[in-house]
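>
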Amino acid sequence: MITNPTPNSQTNPIPPPTKIPLDFYRRSDPVLIARDLLGKHLYTNIDGVLTGGRIVETEAYAHINDQACHSHLGRYTARTKIMYEAGGVAYVYLVYGRYALFNIITNEVGKADAVLIRGLEPLEGIPEMLLRRGTLKYQRNLTGGPGLLTQALGISTQHYGTDLSGDTIWLEDHHEVIADDQVVASPRVGIDYAGFDAALPWRFRIKASKWTSPAR
DNA sequence: ATGTTGATGAGCT
DNA sequence: GCTCATCAACATT
Numbered sequence: 030m031i032t033n034p035t036p037n038s039q040t041n042p043i044p045p046p047t048k049i050p051l052d053f054y055r056r057s058d059p060v061l062i063a064r065d066l067l068g069k070h071l072y073t074n075i076d077g078v079l080t081g082g083r084i085v086e087t088e089a090y091a092h093i094n095d096q097a098c099h100s101h102l103g104r105y106t107a108r109t110k111i112m113y114e115a116g117g118v119a120y121v122y123l124v125y126g127r128y129a130l131f132n133i134i135t136n137e138v139g140k141a142d143a144v145l146i147r148g149l150e151p152l153e154g155i156p157e158m159l160l161r162r163g164t165l166k167y168q169r170n171l172t173g174g175p176g177l178l179t180q181a182l183g184i185s186t187q188h189y190g191t192d193l194s195g196d197t198i199w200l201e202d203h204h205e206v207i208a209d210d211q212v213v214a215s216p217r218v219g220i221d222y223a224g225f226d227a228a229l230p231w232r233f234r235i236k237a238s239k240w241t242s243p244a245r
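So for the first sequence, this note's numbering puts the first residue at 30; every next one is plus one.
#1: Determine the direct distance from the alpha carbon of Leu102 to that of Asn132, and round the result to whole angstroms.
#2: Sort out for me which residues DSSP pairs Thr47 with in a bridge.
#3: Taking a contact to mean a Cβ-Cβ separation below 9 Å, would you say Pro151 touches Thr241 in this structure?
#4: With a threshold of 7 Å on Cβ separation, who are the neighbours of Ala237 within its own chain once the five nearest residues in sequence on each side are excluded?
#5: Might you give, ordered along the chain, the residues of its own chain that have their beta carbon closer than 7 Å to the beta carbon of Lys239, omitting 5 neighbours on each side?
#6: Please classify Arg104: is it buried, with 16 or more other beta-carbons within 10 angstroms of its beta-carbon, or exposed?
#7: Taking a contact to mean a Cβ-Cβ separation below 9 Å, would you say Gly183 touches Glu157 in this structure?
#8: Is it buried or exposed for Gly77, if we count other Cβ within 10 angstroms and need 16 for buried?
#9: With a threshold of 16 other CB atoms inside 10 Å of the CB of Phe233, please say whether the residue is buried or exposed.
#10: Might you give, ordered along the chain, the residues of its own chain that have their beta carbon closer than 7 Å to the beta carbon of Met112, omitting 5 neighbours on each side?
#11: Closest to Val218 by C-alpha separation, out of Leu145, Thr73, Val138 and Pro42, would be which residue?
#12: Could you check how far apart the C-beta atoms of Gly176 and Leu130 are, in whole angstroms? I think they sit under 8 Å.
#13: Should Ser38 be labelled buried (16 or more other beta-carbon atoms within 10 Å of its own) or exposed?
#14: Since I believe Val85 is in contact with Leu149 (beta carbons under 8 Å), could you give me their beta-carbon distance rounded to a whole number of angstroms?
#15: Could you check if Ile207 belongs to the surroundings of the ligand MG, using beta carbon to heavy atom distance under 8 Å?
#16: For Leu178, which beta-bridge partners are listed by DSSP?
#17: Just the Cα atoms here: how many angstroms apart are Pro50 and Tyr90?
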């Protein structure tokens with residue numbers, strides 16, 4: 030006799046998505062966190078619209094032994110102030126006077142590490158993202174690039190300091206496992222000024238994704 | 001390969 | 001206070 034399976038009897042049931050807890054961000058190694066963020070989902074609820082997608086590219090920045098990091102050598106200014114908070118807040122800043130870049134502050138109070146989100150696979154609120162980007166084409170440059178994904182998600186410098194445990198910007202774990210052989214680690218982009226540290230392989234990409242930022 | 005763009009911070013006064 | 005070199009991109013060619 031065959032009985033219908035109940036949800037509890039299915040093999041490998043996928044649990045519902047969960048919001049990533051602050052503990053995740055407060056760990057001490059930004060390189061590990063950057064790697065772990067691949068396959069997680071990033072959402073915003075801004076101007077009453079839900080948008081989001083799957084993280085496919087990140088970069089780690091460490092407060093010690095990393096000249097590329099804005100908080101290197103304890104640099105403490107109006108811009109970097111938020112980096113010294115406990116992990117789990119947004120560090121958003123303008124680069125080249127044009128583009129907002131979204132970083133997640135990690136580690137504990139006073140240890141100013143960060144992870145830059147560089148690439149997103151759009152999943153939620155795509156019409157709004159197209160509108161915000163001023164395009165009609167569902168293609169890589171919709172969210173492939175750190176200055177583009179913020180535009181698509183509606184993230185601007187006014188989200189500097191936003192608490193990622195709130196309901197404006199947050200991340201979710203959808204229980205996707207990204208194996209090491211699906212990941213490319215390579216030097217970070219655009220930090221040639223950082224000397225020896227420019228060679229550190231702290232940029233992480235999902236190999237198969239077409240939504241990573243353009244190659245250099 | 002080159003132009004656009006303006007915030008940032010270091011170094012000065 | 002002010003100037004100026006720098007810059008974790010992107011669009012266009």
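Ideal Cβ positions, reconstructed from N, Cα and C, are used throughout, including at glycine.
For this structure:
#1: Numbered from its first residue, the first sequence carries residue 132 at position 103. Numbered from its first residue, the first sequence carries residue 102 at position 73. Just so you know, the alpha carbons of Asn132 and Leu102 end up roughly 19 Å apart.
#2: Sequence index remark: in the first sequence, residue 47 carries index 18 (1-based). Paired residues: Asp202.
#3: In the first sequence, counting from the first residue as 1, residue 151 sits at position 122. In the first sequence, counting from the first residue as 1, residue 241 sits at position 212. With a cutoff of 9 Å on beta-carbon distance, Pro151 and Thr241 are scored as not near each other.
#4: As a first step, residue 237 is located in the first sequence; it is residue number 208 there, counting from the start. Once the five neighbours on either side are set aside, the close Cβ partners of Ala237 are Gln211.
#5: Counting from one through the first sequence, the residue named residue 239 turns up at place 210. Take Lys239, set aside five residues on each side of it, and the residues of its chain with a beta-carbon closer than 7 Å to its own are Arg169, in chain order.
#6: Locating residue 104 in the first sequence gives position 75, counting from the first residue. When all chains shown are included, Arg104 counts as exposed.
#7: For the purposes of this step, residue 183 is taken as residue 154 along the first sequence, with counting starting at 1. For the purposes of this step, residue 157 is taken as residue 128 along the first sequence, with counting starting at 1. Between Gly183 and Glu157, the C-beta spacing is below 9 Å.
#8: What you label residue 77 is simply residue 48 of the first sequence in a count that begins at 1. With a threshold of 16 other beta carbon atoms within 10 Å, Gly77 falls short and is exposed.
#9: One-based indexing of the first sequence puts residue 233 at position 204. Looking at its Cβ environment, which holds 16 or more other Cβ atoms inside 10 Å, Phe233 is buried.
#10: The residue labelled residue 112 in the question sits at position 83 within the first sequence. Correct list, in chain order: His99, Ser100, Tyr120, Ile134, Ala141 and Ala143.
#11: Position 189 of the first sequence, counting from 1, holds the residue named residue 218. A check of alpha carbon separations from Val218 across Leu145, Thr73, Val138 and Pro42 identifies Leu145 as the nearest.
#12: Residue mapping note: residue 176 aligns to position 147 of the first sequence, counting from 1. Residue mapping note: residue 130 aligns to position 101 of the first sequence, counting from 1. Gly176 to Leu130, Cβ: 6 Å. Contact.
#13: By 1-based counting over the first sequence, the position of residue 38 is 9. For Ser38, the predicted model reports a pLDDT of 49, less than 50, meaning its position is unreliable and no value from the coordinates is stated.
#14: Position 120 of the first sequence, counting from 1, holds the residue named residue 149. Position 56 of the first sequence, counting from 1, holds the residue named residue 85. Taking 8 Å as the upper bound for CB-CB distance, Leu149 and Val85 are in contact here, some 7 Å apart.
#15: This structure simply doesn't include the ligand MG, nor any ligand for that matter.
#16: Along the first sequence, one-based indexing puts residue 178 at 149. None; Leu178 has no bridge partner.
#17: Translated into the one-based positions of the first sequence, residue 50 becomes position 21. Translated into the one-based positions of the first sequence, residue 90 becomes position 61. Here the alpha carbon of Pro50 sits roughly 21 Å from the alpha carbon of Tyr90.
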